[in-house]
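Just add 115 to the spot in the sequence shown (first one is 1) and you have my numbering. We treat Cβ as the ideally placed atom computed from N, Cα and C, and that holds for glycine. Remember, it's a predicted structure, so these values are computed and weren't measured experimentally.
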Amino acid sequence: MLELLRHKFNTQKRKPIVFVPGLYGSMSDEIISGTGDWGFGMAASVYEPFIRSLEEMGYKKNEDLFIAFYDWRKECTFCARRYLRDVIDKAKKKCKSRKVNIICHSMGGLVARAYVQSKNYRYDVDHLIMIATPNGGAVNAYCFWAGGMLPYKRNIKSNIFRTLLEGYLWVLEKLYSAKNEMETIHKHLKSAKDLLPSHQYGDYLYYLNKDGNLCYVSCEKMAYQNDFLNQLNEREYLLKRRRVKVTLIGGKGVQTNNYLQIDKRYKDKENKWLDGKVIGISKSEEGDGTVMLRSVFAIEGDSYVFQATHVDILKKCRFVIGKKLGIKENNIYRKNDESLNNYISILVNGVGDLFIRSVTKEGIITIYDGIKSMDGVYVEKYDEGLKWIILVGISRDRLYMEYIPKENGKMEIQIDDSFGMRKKIQEREVRKNQAYRLNLS
């Protein structure tokens with residue numbers, strides 16, 4: 116009874132948490148019409164297990180745990196002002212607290228910093244815990260902002276974060292009838308510019324001169340500049356002056372893009388690659404596959420490093436979060452969530468019904484029928500013909516999908532999995548009510 120009262124007292128006096136997800140970690144009608152109220156969207160498989168871990172520490176959603184969803188297509192400064200501030204106000208009012216603790220992942224940390232370091236800051240943040248946040252920027256952003264190029268090779272082991280990037284670019288391209296990924300990014304993903312490497316990251320483009328010597332391009336003289344992050348890092352002192360307790364959590368042990376080799380002589384009629392076209396990538400294991408440690412630790416704070424990917428770090432850092440929030444270790448329940456190392460992503464563009472089934476000894480099991488689905492199935496529908504399905508932790512043995520068109524016309528399907536395999540059907544002519552089957556095994 117005494118322990119119960121003590122737990123109740125600790126719960127009452129602790130500050131509420133505001134969680135800020137990363138790029139692609141929010142979805143609603145405000146971003147893409149038809150997707151409904153705010154939620155994690157196709158990133159649910161990444162963030163729902165993390166939210167459960169906070170609930171296992173004793174927090175309750177919408178009571179002392181709040182999620183700051185935002186329109187990740189827009190600049191970080193806009194998102195901080197338009198979305199984060201309102202959620203902080205809601206948390207303070209609900210909990211009768213003067214301050215909140217902010218926990219953020221990836222680009223969510225830059226949104227949080229855009230608020231805490233702004234002129235509109237109201238001294239209402241105690242802890243700022245940033246997980247895998249690119250405080251110095253990421254070289255990947257140069258690839259898709261400068262040239263509309265995805266900074267990955269095909270046929271290599273993939274990860275869910277890369278799949279979300281490619282998937283949402285595909286969806287936005289179809290919705291807005293963009294000519295290419297470059298147009299999609301510059302018109303509908305302006306936040307990508309906020310992720311470019313800052314001056315704090317240092318020179319990251321290099322080339323070989325006529326003598327074969329390696330030369331770096333001065334980041335301060337480049338055409339593509341991250342003014343947002345440069346200014347934010349110049350005013351880093353505001354975090355300490357405003358007495359915000361900063362914790363930085365980074366991952367390593369995964370091959371991560373670190374420097375980019377360019378062809379300086381390349382000229383493009385479409386105004387691409389103003390600082391040089393990427394022709395090679397230098398990697399390092401001092402990163403999580405997306406963000407380098409040097410970027411995470413580009414600002415001051417209590418630092419922690421884990422052997423982890425950009426997504427797995429959310430699971431591995433739970434005890435650090437518990438420690439920072441003053442929660443006893445025996446109250447931090449550990450549970451194995453479905454593995455994100457085994458998934459299949461299915462993008463469909465075509466007016467028809469989609470079924471996913473598995474042949475077992477007991478017969479045919481329907482995993483998804485267009486309305487109902489099993490656990491581990493994440494679905495997002497955009498318009499009548501555009502949908503996205505991700506299967507997580509589901510056995511691939513004798514797994515197949517069936518597509519039945521509602522009208523004569525064309526369909527387009529793109530299937531990616533965690534092993535880097537891709538199956539693509541482009542603009543295939545289909546006949547109404549004729550079933551088309553694709554093997555997913």
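Task: C-alpha gap between residue 506 and residue 483, whole angstroms - done: As a working note, residue 506 is residue 391 in the sequence shown. As a working note, residue 483 is residue 368 in the sequence shown. Answer to the nearest angstrom: the Cα atoms are 10 Å apart.
Task: Assigned secondary structure, residue 232 (DSSP; H/G/I helix, E/B strand, else coil) - done: Position 117 of the sequence shown, counted from the start, is the residue given in the question as residue 232. In the structure shown, residue 232 sits in coil (DSSP, three-state: anything other than H, G, I, E or B).
TODO: Give the straight-line distance between the Cα atoms of residue 565 and residue 370, rounded to the nearest whole angstrom.
DONE: Because the chain here runs from 116 to 556, residue 565 falls outside it and cannot be looked at.
- [ ] Express the C-alpha separation of residue 231 and residue 270 in angstroms, rounding to a whole number.
- [x] As a first step, residue 270 is located in the sequence shown; it is residue number 155 there, counting from the start. As a first step, residue 231 is located in the sequence shown; it is residue number 116 there, counting from the start. Because residue 270 carries a pLDDT of 39, less than 50, the predicted location of this residue cannot be relied on, and no value is offered for it.
Task: Alpha-carbon spacing of residue 206 relative to residue 459, whole angstroms - done: In the sequence shown, the residue the question calls residue 206 occupies position 91. In the sequence shown, the residue the question calls residue 459 occupies position 344. Distance between the alpha carbons of residue 206 and residue 459: 36 Å.
Open item on the list: Can you tell me whether residue 372 is helix, strand or coil according to DSSP?
Closed with: On the sequence shown, position 257 is the one that residue 372 refers to. Correct three-state label for residue 372: strand.
TODO: Count the C-beta pairs between the region 400–409 and the region 233–241 that are closer than 8 Å, then say yes if the count reaches three, no if not.
DONE: no
Task: Distance between residue 387 and residue 381 (C-alpha atoms, nearest Å) - done: Numbered from 1 along the sequence shown, position 266 holds the residue referred to as residue 381. Numbered from 1 along the sequence shown, position 272 holds the residue referred to as residue 387. If I take the Cα positions, the gap works out to 9 Å.
Task: 3 or more residues per run - each beta strand (DSSP E) lying fully within the region 387–458 - done: 392–399, 417–422
Task: Pairwise C-alpha distance: residue 329 and residue 323 - done: Along the sequence shown, one-based indexing puts residue 323 at 208. Along the sequence shown, one-based indexing puts residue 329 at 214. Taking the straight line joining both Cα atoms gives about 5 Å.
Open item on the list: Given this structure, state the Cα-to-Cα distance separating residue 540 from residue 315, to the nearest angstrom.
Closed with: Counting from 1 along the sequence shown, the entry for residue 540 is found at position 425. Counting from 1 along the sequence shown, the entry for residue 315 is found at position 200. Rounded to whole angstroms, residue 540 to residue 315 spans 43 Å at the Cα level.
Task: residue 544 versus residue 553 - alpha carbon distance - done: Position 429 of the sequence shown, counted from the first residue, corresponds to residue 544. Position 438 of the sequence shown, counted from the first residue, corresponds to residue 553. For residue 544 and residue 553, the distance between alpha carbons rounds to 15 Å.
Task: Same chain, Cβ closer than 6 Å to residue 546, neighbours up to 5 away in sequence not counted - done: Walking along the sequence shown from the start, residue 546 turns up at place 431. So the qualifying residues of the chain are 523.
Open item on the list: On the DSSP letters alone, give me the boundaries of the alpha helix (DSSP H) that residue 278 sits inside.
Closed with: Working through the sequence shown from its first residue, we reach residue 278 at position 163. 275–290 is the extent of the alpha helix (DSSP H) around residue 278.
- [ ] Would you check if the distance between the CB atom of residue 526 and the CB atom of residue 518 is smaller than 8 Å?
- [x] If you number the sequence shown from 1, residue 526 lands on position 411. If you number the sequence shown from 1, residue 518 lands on position 403. Taking 8 Å as the Cβ cut-off, residue 526 and residue 518 qualify as a contacting pair.
Task: Residues near residue 368 in its chain [Cβ-Cβ closer than 6 Å; skip 5 each side] - done: Sequence index remark: in the sequence shown, residue 368 carries index 253 (1-based). Excluding residues within five positions, the ones whose Cβ falls inside 6 Å are 400, 422.
- [ ] Go through the region 309–373 residue by residue and report every complete run of the alpha helix (DSSP H) that reaches 4 residues or more, in order.
- [x] 342–349, 352–356
- [ ] Output the boundary residues of the alpha helix (DSSP H) element that contains residue 196.
- [x] The residue given as residue 196 occupies position 81 in the sequence shown. Counting along the chain, residue 196 falls outside any alpha helix (DSSP H), and DSSP gives it neither H nor E.
Open item on the list: Measuring straight from C-alpha to C-alpha, what distance separates residue 283 and residue 139?
Closed with: On the sequence shown, position 168 is the one that residue 283 refers to. On the sequence shown, position 24 is the one that residue 139 refers to. Between residue 283 and residue 139, the C-alpha separation is close to 8 Å.
Task: C-beta contact flag for residue 359 and residue 243 at 8 Å - done: The count along the sequence shown starts at 1 and reaches residue 359 at position 244. The count along the sequence shown starts at 1 and reaches residue 243 at position 128. Yes. Within cutoff.
- [ ] Kindly examine the ligand ZN and report whether one of its heavy atoms sits closer than 7 Å to the Cβ of residue 130.
- [x] Looking for the ligand ZN in the displayed structure turns up nothing, as the structure carries no ligands at all.
Open item on the list: For residue 356 and residue 317, I'd like the C-alpha separation in whole angstroms.
Closed with: The residue given as residue 356 occupies position 241 in the sequence shown. The residue given as residue 317 occupies position 202 in the sequence shown. Cα to Cα, residue 356 sits roughly 25 Å from residue 317.
- [ ] Could you tell me which of 466, 511, 263 sits nearest to residue 550, measuring between CA atoms?
- [x] Within the sequence shown, residue 550 is the residue found at index 435, counting from 1. Comparing Cα-Cα distances from residue 550 to each of 466, 511, 263, the minimum goes to 466.
Task: residue 211: first and last residue of the uninterrupted alpha helix (DSSP H) it sits in - done: Indexing the sequence shown from 1 puts residue 211 at position 96. Segment: none, residue 211 is in no alpha helix (DSSP H) and carries neither H nor E.
- [ ] Please check the pair residue 287 and residue 278, which I expect to be a contact at CB under 8 Å, by giving their CB distance rounded to whole angstroms.
- [x] Mapped onto the sequence shown, residue 287 falls at position 172. Mapped onto the sequence shown, residue 278 falls at position 163. Contact doesn't hold; Cβ gap of about 15 Å is too wide.
Task: Backbone CA spacing between residue 417 and residue 433 [nearest angstrom] - done: Residue numbering aside, residue 417 sits at position 302 when the sequence shown is read from its first letter. Residue numbering aside, residue 433 sits at position 318 when the sequence shown is read from its first letter. If you take the alpha carbons of residue 417 and residue 433, they lie about 15 Å apart.
Task: Spatially closest choice to residue 512 from 143, 252, 344, 457, by CA coordinates - done: If you number the sequence shown from 1, residue 512 lands on position 397. Residue 512 has its Cα closest to that of 457, out of 143, 252, 344, 457.
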